[in-house]
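One line per chain: the protein sequences are A and B, in this order.
Counting along the first sequence from 1, when you hit position 141 you're at 306 in the numbering used here, and nothing is skipped either side.
Counting along the second sequence from 1, when you hit position 63 you're at 479 in the numbering used here, and nothing is skipped either side.
Glycine included, C-beta positions come from ideal geometry on N, C-alpha and C.
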Amino acid sequence: MAALLTATVTDYSACMTLATKTVAVDESALIAKAKRSDTRAFESLYRMHVDRIYGLCLRMTGNVAEAEDCVQEAFIQAWNKLEKFRGDSAFSTWLHRIAVNSVLGRIRKSKREMDRIQVVAETAPPPVTMHDTGEMRDLSEAIDRLPEGARHVFVLYAVYGYTHEEAGKMLGIAAGTSKAQLHRARRLLAQQLEEQGFEA
Amino acid sequence: MNDEHDDKLIAAARHLSTEISPERDLWAGIAEQIEAPKRSRWTPMLAQAAAVLVLIAASSGITWYAVQEDPILITEIRPELMVEQAAFGSRYTLGPEFLDARDSLEAGFDQALGRLSPEQRADVEASLTMLRRVTADINVELNKDPTNVYLQEMLMKSYREELALMQRVGGLTRNVMRRNDI
């Protein structure tokens, strides 16, 4: 029985490895096709990555409409810049960078950050928290109330697992600044969550 | 991946959803942008330049034809026809006096055409067709950009060329187009 279980687990592991490789191969093929202006291939790439990109945009902006605009802008930019994608990094990382730039560009352009904060304060709960439950929802709401710089670093570092160097590069700040922003974010989050019994 | 000690807050944040499905399909908006043919801002200018070239070619051809064939048919365009400034509304229709003049010219024009050889007639008809096509093209461009003085002048010129061609062929000089006729 144990041997059978081991074999099954091994088979499952092998299947997963194969599946991962297949996905990678498929993605490379889709990228190659999309580079030749195949919009169907690009749509497949969009379907593969849209949830992660939308999640990032929504957590960074805290606003559904802004996040949707950022996703569309990011994928349009990706299409226009696809020729420049050489595969030095994973396609998902490349897309993430474009999405972060899109978020930052929109914030710089529209200067609606203050409006966004007001909207968030007036609307409970913020849309991003609908995807989380219990304590996670409290944390999500608290993250959403963070100031822009601290929120961006916290989302990239803590939620998406980027290093300070990677987050700093995406945000156009030094790694040291990213660390300082994370410290600030943690302090502010701890203050916010203290009342709700969340131990940080 | 991170180089700092994870505390509970960071650990909790790692459990937040990183993948969230948009509430609506965003692909349609993206497809609309990437599938639309890239429209250069030079397109209208190129269209105008092409229209000018066609007009010049047609005008030159007509002049050459008139000079070659029959000096009697060549009639000088009266100064009243040399309109420089034009003001057009949102619709580019011909005035009733202009239409009368053209109808009158067309009556004689058909007879004059009948006196030409088939080859000459084909040339004249081709020139007239080209001029009218140019006029239509300019009208289309003017509908997009009604205040474009350059296009307005081109439109006036194409109308003048059309009448002049008919006058040359028909030898009619009675009817004169004025600026207010358009």
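| What distance in whole Å lies between the Cβ atoms of Ile436 of chain B and Asp216 of chain A, which are believed to be in contact at a cut-off of 8 angstroms? | The count along the first sequence starts at 1 and reaches residue 216 of chain A at position 51. The count along the second sequence starts at 1 and reaches residue 436 of chain B at position 20. That belief holds up - the Cβ atoms of Asp216 of chain A and Ile436 of chain B are roughly 6 angstroms apart, short of 8 angstroms.
| When the distance is taken between beta carbons, is Ile218 of chain A closer than 8 angstroms to Leu260 of chain A? | Working through the first sequence from its first residue, we reach residue 260 of chain A at position 95. Working through the first sequence from its first residue, we reach residue 218 of chain A at position 53. Yes, these two residues count as a Cβ contact at 8 angstroms.
| task | With DSSP as the reference, label Gly337 of chain A as helix, strand or coil. | result | Counting from one through the first sequence, the residue named residue 337 of chain A turns up at place 172. Coil, per DSSP.
| request: Please report the residue range of the alpha helix (DSSP H) in which Ala255 of chain A lies. | output: The sequence position of residue 255 of chain A within the first sequence is 90, counting from 1. Here Ala255 of chain A belongs to no alpha helix (DSSP H), and DSSP marks it neither H nor E.
| task | Count the other CB atoms, across all protein chains shown, that sit within 10 Å of the CB of Ser193 of chain A; report buried if there are 16 or more and exposed otherwise. | result | Translated into the one-based positions of the first sequence, residue 193 of chain A becomes position 28. So Ser193 of chain A counts as exposed.
| said: I want to verify the contact list: residues of chain B whose CB lies under 9 angstroms from the CB of Met225 of chain A, in sequence order. | reply: To locate residue 225 of chain A, count along the first sequence from 1; it is residue 60. None at all; the shortest Cβ gap to chain B is about 12 angstroms.
| message | Looking at Arg224 of chain A: is its Cβ nearer than 8 angstroms to the Cβ of Val320 of chain A? | response | The count along the first sequence starts at 1 and reaches residue 224 of chain A at position 59. The count along the first sequence starts at 1 and reaches residue 320 of chain A at position 155. Yes, Cβ-Cβ distance for Arg224 of chain A and Val320 of chain A is below 8 angstroms.
| task | Below 6 angstroms CB to CB, which residues in the same chain sit around Leu269 of chain A once its five sequence neighbours on both sides are set aside? | result | By one-based count along the first sequence, residue 269 of chain A stands at place 104. Correct list: empty, nothing qualifies.
| task | Please check if any C-beta of chain A sits within less than 8 angstroms of the C-beta of Gly477 of chain B. | result | Counting from one through the second sequence, the residue named residue 477 of chain B turns up at place 61. With 8 angstroms as the cut-off, Gly477 of chain B does not count as an interface residue toward chain A.
| Shorter than 8 angstroms from the beta carbon of Arg549 of chain B to some beta carbon of chain A? | Within the second sequence, residue 549 of chain B is the residue found at index 133, counting from 1. Arg549 of chain B does not count as touching chain A.
| field | Endpoints, alpha helix (DSSP H) assigned at Ala542 of chain B | value | The count along the second sequence starts at 1 and reaches residue 542 of chain B at position 126. Element bounds for Ala542 of chain B: Pro534 to Lys560.
| request: Go ahead and pull the three-state DSSP assignment for Ala430 of chain B. | output: As a working mapping, residue 430 of chain B is identified with position 14 in the second sequence. Note on identity: in this sequence residue 430 of chain B is Arg, with Ala being the wrong assignment. Three-state DSSP puts Arg430 of chain B in coil, outside helix and strand.
| Of the residues B:Leu529, B:Glu577 and B:Ser520, which one's Cα is nearest the Cα of Met546 of chain B? | Within the second sequence, residue 546 of chain B is the residue found at index 130, counting from 1. It is B:Glu577.
| request: Just mark Thr563 of chain B as buried or exposed, buried being the case when its beta carbon has 16 or more other beta carbons within 10 Å. | output: The sequence position of residue 563 of chain B within the second sequence is 147, counting from 1. Thr563 of chain B comes out exposed.
| request: Just tell me which of A:Ala243, A:Ile263, A:Ala332 and A:Arg316 has its CA closest to the CA of Ala350 of chain A. | output: Here residue 350 of chain A refers to the residue found at position 185 of the first sequence. For the residues A:Ala243, A:Ile263, A:Ala332 and A:Arg316, the minimum Cα distance to Ala350 of chain A belongs to A:Arg316.
| field | Ser506 of chain B classed as buried or exposed, judged by whether at least 16 other C-beta atoms fall within 10 angstroms | value | Along the second sequence, one-based indexing puts residue 506 of chain B at 90. Reliability fails at Ser506 of chain B, whose pLDDT of 43 lies under 50, so the model's placement of it is uncertain and the value that follows must be treated cautiously. Label assigned to Ser506 of chain B: exposed.
| said: Could you check whether Leu442 of chain B and Glu301 of chain A sit closer than 8 angstroms to each other, using their CB atoms as the reference points? | reply: Counted from its first residue, the first sequence places residue 301 of chain A at position 136. Counted from its first residue, the second sequence places residue 442 of chain B at position 26. According to the sequence shown, residue 301 of chain A is Met rather than Glu. No; because the gap between Cβ atoms is not below 8 angstroms, this pair is not in contact.
| query | Given that Ser254 of chain A touches chain B, what residues does it touch there, using C-beta distances under 8 angstroms? | reply | Counted from its first residue, the first sequence places residue 254 of chain A at position 89. The contacting residues do not exist; Ser254 of chain A stays about 14 angstroms from chain B at best.
| message | Once DSSP output is grouped into helix, strand and coil, what is the label at Ala350 of chain A? | response | Here the question's residue 350 of chain A lines up with position 185 in the first sequence. Three-state DSSP puts Ala350 of chain A in a helix.
| message | Is there a C-beta anywhere in chain B that falls below 8 angstroms from the one on Arg351 of chain A? | response | On the first sequence, position 186 is the one that residue 351 of chain A refers to. Interface residue, yes.
| Would you call the CB atoms of Ile632 of chain B and Ile241 of chain A closer than 8 angstroms? | Missing from the structure shown is residue 632 of chain B; chain B here goes from 417 to 598 and no further.
| Short Cβ contact (8 angstroms threshold) for Ala141 of chain A with Cys222 of chain A | This structure leaves residue 141 of chain A out entirely; chain A is present only between 166 and 365.
| field | Proximal residues of chain B, C-beta to C-beta of Glu233 of chain A below 9 angstroms | value | By one-based count along the first sequence, residue 233 of chain A stands at place 68. The answer, in chain order, is Pro438, Glu439, Arg440, Leu442 and Gly445.
| said: Please report whether the beta-carbon of Ala429 of chain B lies at a distance below 8 angstroms from any beta-carbon of chain A. | reply: If you number the second sequence from 1, residue 429 of chain B lands on position 13. Closer than 8 angstroms to some Cβ of chain A, the Cβ of Ala429 of chain B qualifies, so yes.
| For Thr551 of chain B versus Leu571 of chain B, is the C-beta spacing smaller than 8 angstroms? | Residue numbering aside, residue 551 of chain B sits at position 135 when the second sequence is read from its first letter. Residue numbering aside, residue 571 of chain B sits at position 155 when the second sequence is read from its first letter. It is a contact, given that the beta carbons lie within the stated cut-off.
| Is the shortest distance between the beta-carbon of Glu382 of chain A and the beta-carbons of chain B less than 8 angstroms? | In the structure displayed, chain A extends from 166 to 365; residue 382 of chain A sits before or after that span and is not available.
| field | Reduced DSSP secondary structure (H/G/I, E/B, other) of Ile524 of chain B | value | The sequence position of residue 524 of chain B within the second sequence is 108, counting from 1. Contrary to the premise, residue 524 of chain B reads as Gly rather than Ile in this sequence. Helix, per DSSP.
| field | CB contact check: Thr288 of chain A to chain B, cutoff 8 angstroms | value | Here residue 288 of chain A corresponds to residue number 123 of the first sequence, with the count starting at 1. Low confidence applies to Thr288 of chain A: its pLDDT is 48, below 50, so where it sits in the model is not reliable, and the reading given next is rough at best. Not one chain B Cβ lies under 8 angstroms of Thr288 of chain A.
| said: Residues of chain A with CB closer than 9 angstroms to the CB of Thr434 of chain B, please, in chain order. | reply: Mapped onto the second sequence, residue 434 of chain B falls at position 18. Within 9 angstroms Cβ-Cβ: Asp216, Arg217, Gly220, Leu221, Arg224, Val324, Tyr325 and Gly326.
| task | Look up Leu247 of chain A in the DSSP assignment and say whether it is helix, strand or coil. | result | As a position in the first sequence, residue 247 of chain A is number 82, starting the count at 1. Correct three-state label for Leu247 of chain A: helix.
| said: Rounded to whole angstroms, what is the Cα-Cα separation between Val236 of chain A and Leu558 of chain B? | reply: On the first sequence, position 71 is the one that residue 236 of chain A refers to. On the second sequence, position 142 is the one that residue 558 of chain B refers to. About 38 angstroms.
| query | If you run the structure through DSSP and keep just helix, strand and coil, what is Glu359 of chain A? | reply | What you label residue 359 of chain A is simply residue 194 of the first sequence in a count that begins at 1. If DSSP states are grouped into helix, strand and coil, Glu359 of chain A belongs with the helices.
| field | CA-to-CA distance, Ser574 of chain B to Leu471 of chain B, given in whole angstroms | value | If you number the second sequence from 1, residue 471 of chain B lands on position 55. If you number the second sequence from 1, residue 574 of chain B lands on position 158. About 7 angstroms.
| said: Does Pro438 of chain B pass the burial test, meaning 16 or more other C-beta atoms within 10 Å, or should it be called exposed? | reply: Taking the second sequence and counting its residues from 1, the one referred to as residue 438 of chain B is at position 22. Buried, by the Cβ-count rule.
| message | Can you check whether the C-beta of Ser267 of chain A is within less than 8 angstroms of a C-beta belonging to chain B? | response | The sequence position of residue 267 of chain A within the first sequence is 102, counting from 1. Not closer than 8 angstroms to any Cβ of chain B, the Cβ of Ser267 of chain A fails to qualify, so no.
| What in chain A is Cβ-close to Asp451 of chain B, meaning under 8 angstroms? | Here residue 451 of chain B corresponds to residue number 35 of the second sequence, with the count starting at 1. It is worth fixing the name first, because residue 451 of chain B is Glu in this sequence and not Asp. Under the 8 angstroms cutoff, chain A gives Thr204.
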